[in-house]
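Heads up, the thing below is written out as structure tokens.
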Amino acid sequence: MTETSGPEYSTTIPSKHLPAVEFRDLPEPVPLRKISGASVIILATAIGSGEMVLWPYITSQIGFVFMWAAIVGFGIQFFLNMEIERYTLATGESAITGFARYWKPWWWLFIIFALLQNFWPGWATGASTTVSFALGLGDDPPVVPITIAALVAIGITLTLSPVVYQWVEKIQAVLVGLIMLFVIVAIPVATTGEAWGALFTEGVGDIGFPAGDSGLGIALLLGALAFAGAGGANNLVQSNYIRDKGMGMGQRIPRIVSPITGHEEARPSLGYMFPTNEENMRRWRGWWKVANWEQFITFFLIGVLSLIILSVLAYSTLPVGEVQQEDLAFLQLEGQALKETVAPWFGTTFWLAGTFALFSTNLGIIDYTCRLIADQLKINALKDSQYWSESKIYVAFIWLMIIVGSVILLAGVDQPFVLVVISSSIAGVQMFIYSGLLMMLNRRALPEQLKIRGTRLAVLAVSFVFFGILSVLLVLDELGI
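If you read the sequence shown in my numbering, its first letter stands for residue 5, the second for the next number, and so on.
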């Protein structure tokens, strides 16, 4: 890099639709223990969607013949998340901002995708349902009032948090810890040797794609694959989480704070690029190493183990193929069976763990949806506004989501499982789209030393084809073709 009188700009990152990116040195990497938890929010969202709901339900219908897809889904999402992190570690920008540098409509298209996926308050409704099981509120519990109260509590918490990410991470870490405690206790107390044996005999020796089996439609299976992990727009907001955690070039970007209790910054979250000299490349290798380990341990390892254990628990408790309900009634049956076979307290604890899982997901969903919207609106539509900071936009959309969600529930759309399937099928289509975009972004926008290549490029290509085929099957299935 030569000396000039003004700032130098990256020539690899496009500047047609957004301002050019200045060069800045990459901050020094930090030890793994200081960034542990950067993926805990995305893990919490995963536990309450696929791991607590969809995969145990599929297991109760057909056993473990589709379990291979859960591990594949988590594996693909590990690589997707790391490519999302690659761009943000290098630039401080979110991946969606990178997409919009090539084609401007991507920013509002991904806002629409996120809203379509998440305006239905399915997981908050599910948490209200499971807490009604635990409290013994009868056959017609007040699910809607409980759900609206939970949404308002989430809104107040996110609005008043001085630095929003720190509070969300702490809350989610506690909820995940409680869920993991239940999972650990459940292994010796409630799972059977027969179920563990079936996991290996069916899950390895009898794998298949059971579309149509036991009423399992393409939408449900696509949703299960998308939510074997976080799924949909949630993965993309990993950019924002590691940025607020202060990882890589994210240290140079403003964080979302409470407009009431925090100190706002009005400037948009546009990024930087570092010169690829020896010192910066040393720092890059340090950041890339700790980011990979953090994502592998927090998201992939803990996520896969908890999904498998919760599915084994369902297999141990419910006779395969005999659960007919296509809603959260299977969780009710599982809890009742655990009360009978283990102890009354354990069935109640199971429902409470489900409540923690589903509530943690809704907290994560409201946070990441509004985080995505605020980031993109500030950068692309309100970048010159001194009033509309990213934090104010974030809080405004939190309450908009809560109001719309409450209206949906009061209108009578209060069937949790239906809402989960709708949301997750939209998530799978998104993953098809951004698998291709990430390959393009991390091949074209980054310097040669930072580009995606080799195995990671191959996995994203597989993801693009995999979710593309499933998305086509979903459309054909919905059209009855």
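The C-beta atom is built at its ideal place from N, Cα and C for all residues, glycine as well.
The model shown is predicted, which means the values in this text are computed figures rather than measured ones.
Mind checking which residues open and close the alpha helix (DSSP H) that includes residue i?
i	result
Glu298	282 to 299
Ile402	394 to 414
Leu335	333 to 345
Lys382	348 to 384
Tyr319	306 to 321
Met71	71 to 95
Pro60	59 to 66
Met251	Where Met251 is concerned, there is no enclosing alpha helix (DSSP H), given that its DSSP letter is neither H nor E.
Gly41	Premise fails: Gly41 is in no alpha helix (DSSP H) and is neither H nor E.
What is the rounded straight-line gap between the Cα of residue i and the Cα of residue j?
i	j	result
Ala138	Phe103	45 Å
Phe114	Gly432	13 Å
Pro258	Glu97	11 Å
Gln65	Val324	5 Å
Glu394	Pro279	28 Å
Trp292	Ala318	38 Å
Lys382	Val193	51 Å
Leu414	Leu332	19 Å
Glu338	Asp143	16 Å
Ala48	Gly235	12 Å
Phe354	Phe186	8 Å
Thr196	Gly351	16 Å
Lys20	Lys108	9 Å
Thr163	Pro263	8 Å
Ile152	Gly409	8 Å
Met277	Leu155	39 Å
Ala270	Ala400	For Ala270, the predicted structure reports a pLDDT of 47, less than 50, and the residue's modelled location is therefore unreliable. The matter cannot be settled from this model.
Ile188	Ala357	12 Å
Pro146	Thr133	9 Å
Leu474	Met435	11 Å
Val168	Val476	38 Å
Gly181	Ala228	23 Å
Arg448	Arg286	22 Å
Arg1	Ile183	Here the chain covers residues 5 to 485 and nothing more, so residue 1 does not appear.
Gly440	Leu119	21 Å
Ser243	Ala99	6 Å
Trp288	Leu225	38 Å
Trp349	Gly290	47 Å
Cα-Cα, which of the options is closest to residue i?
i	options	result
Val172	Thr101, Val193, Tyr245, Leu155	Tyr245
Ala361	Ser389, Ala131, Val34, Ala118	Ala131
Val241	Ile45, Pro125, Ile80	Ile45
Gly252	Pro125, Tyr106, Pro31, Pro35	Pro31
Ser40	Arg375, Val294, Thr321	Val294
Ala385	Trp112, Ile473, Arg460	Trp112
Ala177	Pro11, Ser43, Lys396	Ser43
Pro60	Phe334, Val34, Thr101	Phe334
Lys38	Ala118, Gly201, Ile406, Gly250	Gly250
Leu367	Gln434, Val69, Ala462, Leu179	Leu179
Thr129	Ser364, Ile116, Tyr372, Ile100	Ser364
Ala94	Glu452, Gln434, Ala462	Glu452
Glu198	Leu480, Ser320, Arg287	Ser320
Thr15	Leu450, Gly290, Leu480	Leu450
Ile158	Thr63, Leu454, Ile370	Ile370
Lys387	Ser273, Arg448, Gln328	Ser273
Ile407	Pro33, Leu461, Pro125	Pro125
Pro35	Met444, Asn296, Ala462, Tyr438	Asn296
Ile437	Ala465, Glu298, Val411	Ala465
If residue i sits next to residue j, beta carbons under 8 Å apart, how far is it from one beta carbon to the other, in whole angstroms?
i	j	result
Phe303	Phe82	6 Å
Leu314	Ala341	Leu314 to Ala341, Cβ: 14 Å. No contact.
Leu442	Glu87	5 Å
Trp72	Gly207	6 Å
Pro166	Val25	Rounded, the Cβ-Cβ distance is 30 Å, inconsistent with contact.
Tyr372	Asn284	That pair is no contact at about 30 Å.
Arg28	Arg256	6 Å
Ala378	Tyr398	4 Å
Would residue i be called buried (16 or more neighbouring beta carbons within 10 Å of its own) or exposed?
i	result
Phe204	exposed
Leu376	buried
Leu305	exposed
Gly67	buried
Asn281	exposed
Gly77	buried
Ile17	buried
Tyr91	buried
Trp110	buried
Pro11	exposed
Glu344	exposed
Ile80	buried
Gly458	exposed
Glu326	exposed
Pro33	buried
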